[in-house]
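Colleague: Below: one structure in structure tokens.
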Amino acid sequence: MEQSHTHVPSECARVAPVLSRIGDKWSVLVVMLLGDGPMRFNELRRRVGGISQRMLTLTLRGLERDGFVTRTVFPTIPPRVDYELTPLGHSLLVPVRELGAWAVRNVSVIEDAQRRFDQAAKGQSQSLEQAAPMSFAK
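If you read the sequence shown in my numbering, its first letter stands for residue 319, the second for the next number, and so on.
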């Protein structure tokens, strides 16, 4: 049986924060990387690239809070902390990987659309700048 896609505002309000979390670029990258197995913080940071320590901490904390990631602290000196996907996090890998594959397949088409849009916008702004100023009779 196919699920209904009826718009229910209360459900949208409940789902919006989830979509915000899993749609965040850093969360997507972290989930994809953790799909390869548990990782330590600094390994994740190196592999993600371009993410600050603070942003990675916030991302991991959010993913842990939402049940996608577990954090395991090992009593060593210095303490070792591993991050790993939960079963819920693993279930997220399927759509995240498909979204990534879709992006790779379509990035050229998107870039072409962006160039056309930017050229059209540039042409419009130049046309407006060249238009004669309007004067209003009193």
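A virtual CB, placed ideally from N, CA and C, is assigned to each residue, including glycine.
Owing to the predicted nature of the structure, the values given are computational and were not obtained by experimental measurement.
#1: Count the other CB atoms within 10 Å of the CB of Leu352; is the residue buried (16 or more) or exposed (fewer)?
#2: Does Ile369 get closer than 8 angstroms to chain B when you measure Cβ to Cβ?
#3: By DSSP's criteria, Val391 is part of a beta bridge. Which residues make up the other side?
#4: State the Cα-Cα distance for the pair Ser443 and Ile428, rounded to the nearest angstrom.
#5: Hey, which unbroken runs of the alpha helix (DSSP H) at 4 residues or more fall wholly within the segment 343–392?
#6: Val346: which of Gln371, Arg364, Met357, Phe386 sits nearest, CA to CA?
#7: Helix or strand or just coil, what does DSSP make of His408?
#8: Kindly list the residues whose CB is nearer than 6 angstroms to the CB of Ser370, restricted to its own chain and excluding five residues on each side of it in sequence; keep chain order.
#9: What do you reckon, are the CB atoms on Arg358 and Arg383 nearer than 8 angstroms?
Modeller: On the basis of the supplied data:
#1: Burial check for Leu352: the Cβ neighbour count within 10 Å reaches 16 or more, so the residue is buried.
#2: The chain inventory of the structure shown lacks chain B, comprising one protein chain alone.
#3: DSSP output for Val391 lists Val399 as bridge partner(s).
#4: So the two alpha carbons sit approximately 22 angstroms from each other.
#5: List check, alpha helix (DSSP H) in window: 343–352, 359–366, 371–383.
#6: Looking at the Cα atoms, Phe386 is the closest of the given residues.
#7: Secondary structure of His408 (DSSP, three-state): helix.
#8: Nothing meets the Cβ criterion.
#9: Not closer than 8 angstroms, so no.
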